[in-house]
Each structure stands twice: as structure tokens, then as C-alpha cells.
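Asker:
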Amino acid sequence: MNTALALPPPPAQGLRRRVSDLLYTRRGLLLLALLAPPLLWFGVVYLGSLLALLANAFFGLDDYTGQVVREFTLQNFRDLADPANLDVVRRSVTMSVLVTLACVALGFPLAYYMARHASGAQKAVLYIAVMLPLWSSYLVRLYAWKLLLAKEGAISWLAQQTHLGWLLDAVLALPAIGGPSLSFSAIGTFVVFVYMWLPFMILPIQASIERIPQSYIEASGDLGANPALTFRRVILPLSMPGIAAGSIFTFSLTLGDYIIPQVIGDSTLYIGQVVFKQQGVAGNVPFAAAFSLVPIVVIGLYLRLAKKLGAFDAL
Amino acid sequence: MRSSPAAGWPLKTAAWGVIAFLHVPLALIILYAFSAEDKSYVFPPPALTTQWFGVAWLREDVWAAIKLSFEVALASTGVALVLGTLAAAALARASFFGREAVSLLLILPIALPGVISGIALRSAIGTMQIPFSFWTIVIGHATFCVVVVYNNAVARLRRLNPNLIEASMDLGADGFQTLRYIVLPQLGSALLAGALLAFALSFDEVIVTTFTAGQQTTLPIWMLQELIRPRQRPVTNVVAVIIIALTFVPILVAYSLTRADEPVHR
Numbered sequence: 001m002n003t004a005l006a007l008p009p010p011p012a013q014g015l016r017r018r019v020s021d022l023l024y025t026r027r028g029l030l031l032l033a034l035l036a037p038p039l040l041w042f043g044v045v046y047l048g049s050l051l052a053l054l055a056n057a058f059f060g061l062d063d064y065t066g067q068v069v070r071e072f073t074l075q076n077f078r079d080l081a082d083p084a085n086l087d088v089v090r091r092s093v094t095m096s097v098l099v100t101l102a103c104v105a106l107g108f109p110l111a112y113y114m115a116r117h118a119s120g121a122q123k124a125v126l127y128i129a130v131m132l133p134l135w136s137s138y139l140v141r142l143y144a145w146k147l148l149l150a151k152e153g154a155i156s157w158l159a160q161q162t163h164l165g166w167l168l169d170a171v172l173a174l175p176a177i178g179g180p181s182l183s184f185s186a187i188g189t190f191v192v193f194v195y196m197w198l199p200f201m202i203l204p205i206q207a208s209i210e211r212i213p214q215s216y217i218e219a220s221g222d223l224g225a226n227p228a229l230t231f232r233r234v235i236l237p238l239s240m241p242g243i244a245a246g247s248i249f250t251f252s253l254t255l256g257d258y259i260i261p262q263v264i265g266d267s268t269l270y271i272g273q274v275v276f277k278q279q280g281v282a283g284n285v286p287f288a289a290a291f292s293l294v295p296i297v298v299i300g301l302y303l304r305l306a307k308k309l310g311a312f313d314a315l
Numbered sequence: 316m317r318s319s320p321a322a323g324w325p326l327k328t329a330a331w332g333v334i335a336f337l338h339v340p341l342a343l344i345i346l347y348a349f350s351a352e353d354k355s356y357v358f359p360p361p362a363l364t365t366q367w368f369g370v371a372w373l374r375e376d377v378w379a380a381i382k383l384s385f386e387v388a389l390a391s392t393g394v395a396l397v398l399g400t401l402a403a404a405a406l407a408r409a410s411f412f413g414r415e416a417v418s419l420l421l422i423l424p425i426a427l428p429g430v431i432s433g434i435a436l437r438s439a440i441g442t443m444q445i446p447f448s449f450w451t452i453v454i455g456h457a458t459f460c461v462v463v464v465y466n467n468a469v470a471r472l473r474r475l476n477p478n479l480i481e482a483s484m485d486l487g488a489d490g491f492q493t494l495r496y497i498v499l500p501q502l503g504s505a506l507l508a509g510a511l512l513a514f515a516l517s518f519d520e521v522i523v524t525t526f527t528a529g530q531q532t533t534l535p536i537w538m539l540q541e542l543i544r545p546r547q548r549p550v551t552n553v554v555a556v557i558i559i560a561l562t563f564v565p566i567l568v569a570y571s572l573t574r575a576d577e578p579v580h581r
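One line per chain: the protein sequences are C and F, in this order. Read left to right, the first sequence gives residues 1 to 315 (my numbering). Read left to right, the second sequence gives residues 316 to 581 (my numbering).
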């Protein structure tokens, strides 16, 4: 009796307490209450939309009215095999692979420097310097490249000033990847893609190099490896998950983008542009839907490969 | 810190060269906003002027686009904040069947190319014959903003000492009081950071928006139209600088709020 008086009064009684106790003792119920709203949203809005997309891929278009005909047909998939469309897929996949390789080549040295040499304030500055472009406006950065690559722009000016104008002209004269100016060439498209997605490659590589214990590197040295061998046999394999994780971003972002090649590049088409044009200008949503399944399948295959390299442990 | 030998000059050059590659274009944007040239992208600018800021200030279409983008970002961030926090609370510590599937579902909208999410939403909107509106934009944006809030909240929840919750319960608080007085104060700054990043992401989104906006013009859509068919280059230059300024602030604030957690993720 006395001890009971010494305790503070129980905070809330009645319904609220009962609900609270119920949720605390039955964890499943709490989980359900927490998960229901996000699952409903994603299940209905997002998965619902993806299913609508999938369904549309099997519909056709009435040639006369231009209206979607809701009858099952595989015609869209037969149209996909058209040489012009296969060409678009091949070009997009090639571009994605090249952009990914360039991002590794450019991103690795910086990631390595950030992880193993920078410390304190310098490290924070480098981190912000990589993160700011990643988060800042996609369109503004694209616009910046329009300024840089224009015929009268900064890169041409720099080439003139350094008497390397002939080199720029020679590069632009290359068949297939050249063009009248950098902003109307496949080289331009490539450079902008690399620029846009580079931060997505740097950060996961940096994280994976940071996770390599110093003792591994010392052990490698103690066992007689010189720094080059240590790099090749210890650091590089252990940073593979980071490279794979970054490559998921660079690969899939390049594969699906339709704005960059529209603004910077020759007028050849990429997957994203075909999808966009088919649904917009042509009004052929069923064919656009079928075509958008191509990057989903390609990315699915790529994710399986990346999983083998341990990408998901590094995300 | 670990002791490593000093970096050789090739590594240093490569590292700082990449940093320069990432930032020179952004610096150029700022320079061009002051360029007196209004017909071409000529470099170096023949003269510098601040007159275009005044011209841009009077442009009603720019203001309307900024207003729409701001409202959309606000509404999307609100939805994402609720859904992302709930998902993080459910997934932070629990392990249950289907957990991986749920986290994959949250990441899917940013893992799949935007054009696919866009056309998926577009075909759903078309199939259900919903007219385009403010809310069709918000639905698209909120869907890919959830993962940003989720990532920040889940990183903080994993650092939260579970003993605090048990101590609160042992001292007689019920679940709601524990949430109010223990969990939310710890979570606050992570949620604010997540909200700021979600806001920046929505404010800048263009790929999904082109499919869900109909005839409405958000700021990125305005910018895209100028990119494809330039009408008044100096105004575009100024708007580009404004966009950079508007997005840098939330990013830097979010960074300083979550520095102690895991690195900021998309």
C-alpha cells in the first residue's frame, strides 16, 4: 500500500493505454499499422501503374482513329524486332557501357584519394564537392554543357587559345561520333552523360575503399607485395562491390535518359527518346509501353551481374 | 585516422582534376548570367552586366513556374515524410518475411529509369481517365521522394539506442508517450534533412513530370522548353543561377544535419 503511494500516477488510462499495450505486446500488429500506408501507396500507385504499363504493351492502336484498342496482341513485340529499333537498343546499351567505363576510370582515382589520403576538413570539402553536383539541378548542369560545347563556347575558345583548334576539328571530323560542333555530336552526348552520373560512381567506390581494413594492406606489404601488387590483388578486388554499385546507377541512368541526347547530340535516337516520342508525338502508348520493357529487361540482367559482384552489400 | 603514405602527384592531379571537371560547368553558369551578349553563347562574354536579373524579375511566366514547383515540392515532401517515416520505423530493426521485397519496392522508383516510371504513371492516368492536375504531379513526385526520407530516417533509427525506449517504458510511459518524448526528438533532424532533400529532388524533377503534368509548367519544364527552343537566353541564364542557389541551400543544410549518420544517399 505504501509503496504504491510512492509511485507516480500511471500516465494515461483507458483506450489510449490499451491501444498502446496492444501494439507493444503484439509486434505483428504494430508492423502492420506502420507498413499499411506506404505499402498501400506503393502497391496501388506505383505497382498499379507498372501493371497498367505492362497491360498496355499488349494492346494495339486503331490505325484509323488512333485510339488504343484493348484487345490482346503481340504486334508491338513483333515491331520491336524491326532493324531500326534494334539499332536504337544497341546504340543505347553501347553508350551505357562506355559511360560506365569512363565513370570508373575518372571516379576511381578521386574516390581512392578521398578514402585513403584526405582527412579532416579536406575530406569534408571533397565530400561536399562531389555531393553538390549530384544533388544540384540536372537541367542546369545540362544547360552548362550547352554553353561549354557550343561552337562559339568555352571549349572552342580554349582550343583556339592553345592553338589546338586543329585537334578539335580533327575530332569533329571523325565519322559516326563527330559532327558540326561538339554540341551536335555523339562525343558531346558521351561527355555530358559521364559528367552527369560521375558522382553516383565516386561515392560508392569511396565507401567501399574506406571499408578495407588497414591491416589487410599492411599484411600484404609484410608478405612481400610492393604497393602496385597490393593495389591489384587487395584494394581493387575489395573495391569491386563499390564499382558494381556505382555502375548500376551510371548504366541504368544512361539507358533510360531521353533529355540529354535530345539537347546535346546528333539526331540519332536512344531508347528513352523513342519511348517518349511514341507516347507523346505519335500517341502510340501501347508501343511506347512495349519499348519501355526493353530497358527493364536489360537492367534486370545487369542487376543479376552486379549482384554477383557484391553490389548490394555496398549500396 | 589511418596513416597512409602521402599521395603521389599523379593521383593528386587526377583527383583534383575530376573535382574541377565537376565544378567548372557550374561556375560557368554563374558567369553567363552576367553576360551582356544575348544572341549566342559566345565565350568569353564581351561585357558584364546585371541588367538581366531585372528583366527576369519581371517575367510572369518564370514566377508562375517557380510558384507551381514550390507548391508541388511542398505537397510531395509532406506525403513522402509520412510514408517514408512509417516505412523506416517498420523496417529499421524488424526482420520479417518480405522485408527485402518492401525495401526494393521503395527504391524501385529511383532505380528504374525515370522514363519508365513516367510512362507507367502516364498509362495509369490514361487508363483510369484521370484529368491532369496539380495532384497528378504530386503523386509522381511523392513516390520517388519517399526513399530519400526513408534512407535518412532509417540511418538515424539504427543509431538510436534501444535501451532508451525500454527505459521509457519501464518508467511507465506508454507507446505514444515514448514516441512523442523519446523517439521523435532523436529523429527530428534526420527527418528535416530527409524532407529538405526530398524537396530539392521534387523541385528539380523533370523526367517523370513531363508525363504527369499535362499542360502545366513547373520550373524544370520551363527550363527544358528553353533548352530545346531558346527564346530569351539571358533570362534562362539568370533562372539557371536562381535554381542553383535554391537547391544548394537545402542540400548543404541537410548535409550538416546528418553528418554524424551514414553518408547522405539518394
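Backbone N, C-alpha and C define an ideal beta-carbon position, used for all residues, glycine too.
For residue 244/C and residue 28/C, I'd like the C-alpha separation in whole angstroms.
Answerer: If you take the alpha carbons of residue 244/C and residue 28/C, they lie about 36 angstroms apart.
Asker: What is the DSSP secondary structure of residue 523/F, reduced to helix, strand or coil?
Answerer: In the structure shown, residue 523/F sits in coil (DSSP, three-state: anything other than H, G, I, E or B).
Asker: Under 8 angstroms between the Cβ atoms of residue 121/C and residue 209/C?
Answerer: It is not a contact, given that the beta carbons lie outside the stated cut-off.
Asker: Any residues in the region 219-253 of chain C with a beta carbon nearer than 9 angstroms to a beta carbon of chain F? Which ones, in chain order?
Answerer: The residues in question are 227, 248, 249, 252, 253.
Asker: Can you give, in chain order, each stretch of the alpha helix (DSSP H) that sits fully within the region 402-458 of chain F and has at least 4 residues?
Answerer: Whole alpha helix (DSSP H) segments, 4+ residues: 414-426, 429-442.
Asker: Which residues in chain F have a C-beta closer than 8 angstroms to the C-beta of residue 262/C? List them in chain order.
Answerer: Within 8 angstroms Cβ-Cβ: 543.
Asker: Can you check DSSP and say which residues form a bridge with residue 69/C?
Answerer: In DSSP, residue 69/C forms a bridge with 60/C.
Asker: Does any heavy atom of the ligand COA sit closer than 7 angstroms to the C-beta of residue 324/F?
Answerer: This structure does not include the ligand COA; it has no bound ligands of any sort.
Asker: With burial defined as no fewer than 16 other Cβ atoms inside 10 Å of the residue's Cβ, what is the status of residue 197/C: buried or exposed?
Answerer: Result: buried.
Asker: For residue 17/C, I'd like the list of residues in its chain whose CB is within less than 7 angstroms of its CB, leaving aside the five on either flank, ordered along the chain.
Answerer: Same-chain partners within the cutoff: there are none.
Asker: Would you identify the three-state DSSP class for residue 247/C, choosing helix, strand or coil?
Answerer: Helix.
Asker: Report yes or no: do three or more beta-carbon pairs, one from the region 266-274 of chain C and one from the region 78-93 of chain C, lie closer than 8 angstroms?
Answerer: Yes, the region 266-274 of chain C is in contact with the region 78-93 of chain C.
Asker: Report the residues of the region 438-459 of chain F with a CB closer than 7 angstroms to any CB of chain C, ordered along the chain.
Answerer: Result list: 438, 439, 441, 442, 454, 458.
Asker: With a cut-off of 8 angstroms, does the C-beta of residue 140/C fall near any C-beta of chain F?
Answerer: Answer yes: the Cβ-Cβ gap between residue 140/C and chain F drops below 8 angstroms somewhere.
Asker: List the whole-angstrom C-beta distance separating residue 295/C from residue 56/C, where the pair is believed to meet the contact cut-off of C-beta under 8 angstroms.
Answerer: Contact doesn't hold; Cβ gap of about 16 angstroms is too wide.
Asker: Label residue 487/F either buried or exposed according to how many other C-beta atoms from any shown protein chain fall within 10 Å of its C-beta, with 16 as the threshold for buried.
Answerer: Residue 487/F comes out exposed.
Asker: If distances are taken between C-alpha atoms only, which option among 300/C, 176/C, 144/C, 250/C comes closest to residue 344/F?
Answerer: For residue 344/F, the nearest C-alpha among the options comes from 144/C.
Asker: Can you check whether the CB of residue 283/C is closer than 8 angstroms to the CB of residue 48/C?
Answerer: No; because the gap between Cβ atoms is not below 8 angstroms, this pair is not in contact.
Asker: Determine, using beta carbons only, whether residue 310/C and residue 241/C come nearer to each other than 8 angstroms.
Answerer: Yes, they are a contact pair.
Asker: Any beta-carbon of chain C closer than 8 angstroms to the one on residue 388/F?
Answerer: Chain C, which has no Cβ nearer than 8 angstroms to the Cβ of residue 388/F, makes this no.
Asker: Answer with buried or exposed for residue 71/C, where buried requires no fewer than 16 other C-beta atoms within 10 angstroms of its C-beta.
Answerer: Under this definition residue 71/C is an exposed residue.
Asker: Taking CB distances under 8 angstroms as the criterion, tell me whether residue 279/C reaches chain F.
Answerer: For residue 279/C, the answer is yes, since a Cβ of chain F falls inside 8 angstroms of its Cβ.
Asker: So what does DSSP say about residue 350/F, is it helix, strand or coil?
Answerer: It is a strand residue.
Asker: Let me know the secondary structure DSSP gives residue 363/F once reduced to three states.
Answerer: Strand.
Asker: Check the Cβ of residue 216/C against every Cβ in chain F and list those closer than 7 angstroms, keeping chain order.
Answerer: Those do not exist, as residue 216/C stays about 11 angstroms from chain F at its closest Cβ, beyond 7 angstroms.
Asker: Where does residue 109/C fall in DSSP's three states?
Answerer: If DSSP states are grouped into helix, strand and coil, residue 109/C belongs with the helices.
Asker: Is it the case that the region 360-375 of chain F contacts the region 532-545 of chain F, given that we only count it when at least three CB pairs across the two stretches are under 8 angstroms?
Answerer: Touching, no, given that fewer than three Cβ pairs across the two stretches are closer than 8 angstroms.
Asker: Give me the Cα-Cα distance between residue 439/F and residue 53/C, rounded to the nearest whole angstrom.
Answerer: Distance between the alpha carbons of residue 439/F and residue 53/C: 7 angstroms.
Asker: Count the other C-beta atoms from every protein chain shown that fall within 10 angstroms of the C-beta of residue 102/C, then say buried if there are 16 or more, exposed otherwise.
Answerer: When all chains shown are included, residue 102/C counts as buried.
Asker: Under 8 angstroms, Cβ to Cβ, is there at least one residue of chain F near residue 144/C?
Answerer: Yes, residue 144/C lies at the interface with chain F (some Cβ there is under 8 angstroms from its Cβ).
Asker: With residue 572/F and residue 508/F assumed to form a contact (beta carbons below 8 angstroms), what rounded beta-carbon distance in angstroms separates them?
Answerer: Contact holds; Cβ gap of about 4 angstroms.
Asker: Could you tell me whether any Cβ in chain F is nearer than 8 angstroms to the Cβ of residue 284/C?
Answerer: No, its Cβ sits nowhere closer than 8 angstroms to a Cβ of chain F.
Asker: Here's a check: name, in chain order, each residue in its chain whose Cβ is nearer than 8 angstroms to the Cβ of residue 536/F, leaving out the five neighbours to either side.
Answerer: Taken in chain order, the residues that qualify are 380, 521, 524, 525, 528.
Asker: Please state the DSSP three-state secondary structure of residue 216/C.
Answerer: It is helical.
Asker: What separation, rounded to the nearest whole angstrom, lies between the Cα atoms of residue 157/C and residue 118/C?
Answerer: Distance between the alpha carbons of residue 157/C and residue 118/C: 34 angstroms.
Asker: Does residue 307/C have its Cβ less than 8 angstroms from a Cβ in chain F?
Answerer: Judged by the 8 angstroms Cβ criterion, residue 307/C is not in contact with chain F.
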